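5 is the number of the first residue of the sequence shown in the numbering used here; add one for each residue after it. By construction, the Cβ of each residue, glycine as well, lies at the ideal position given by its N, Cα and C atoms. On a predicted model such as this, the values are computed, not experimentally measured, just so you know. This report refers to the structure that appears directly beneath it.
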Amino acid sequence: MLCFQAYHEIMGTPIIIHRLEPNNQIPFYFTEVEKIFGVIDNIKHLAMLQTLFYARLRASELCALDDSDLDLRTLSVRIRGDEGERDGMAYITDICTITLHRYLAIRPSLVIDERKPLFYSDNGQRWNRSSLYRMFALYRKRLES
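Structure (structure tokens):
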């Protein structure tokens, strides 16, 4: 019995929590995101969105990635923790790795603030969350039309 169920029972108002049964269906938003991947014609944008989705990153984590955070051999991405927090690790798929290999083969290396960002904008700056959101919205709109 869960702690809050026990609490409610002690208080005289027992509650029943129904367990969700697992199924083998892919949630609809996964298929929608994969459809969006199909309309992206820019290899950098595809690499960014696949890395974001498959590694389950927050937008700010994707924008903060450096070349050194990516290990395509082990299919892993290091996520830098904030001040005083530990770094984390996320894993990507083979599909994402293939896209990243294609992207890295044509992308020139760039140093910004003594770091080499994995993704940077056309004007030589790190991507930010709002630009990433606008880019995603553009492709989502393209899918709808």
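Item	Value
Minimum length 4: unbroken alpha helix (DSSP H) runs contained in the stretch 78–121	98–110
Sub-8 angstroms separation of A94 and L61 beta-carbons	yes
Straight-line Cα distance separating F41 from A141	12 angstroms
Buried versus exposed, by CB contacts within 10 Å (16 or more), Q54	buried
Buried or exposed by the 16-neighbour rule on C-beta atoms within 10 Å, applied to I96	buried
Cβ separation of S72 and R133, assumed to be a contact under 8 angstroms, to the nearest whole Å	Actually they do not touch by this definition, with Cβ atoms about 22 angstroms apart.
Where the alpha helix (DSSP H) through L2 begins and ends	Given a span of 5 to 149 for the chain in the structure shown, any question on residue 2 remains unanswerable.
Contacts around S125, its chain only, beta-carbon distance under 8 angstroms, and the 5 residues preceding and following it disregarded	W131, S135
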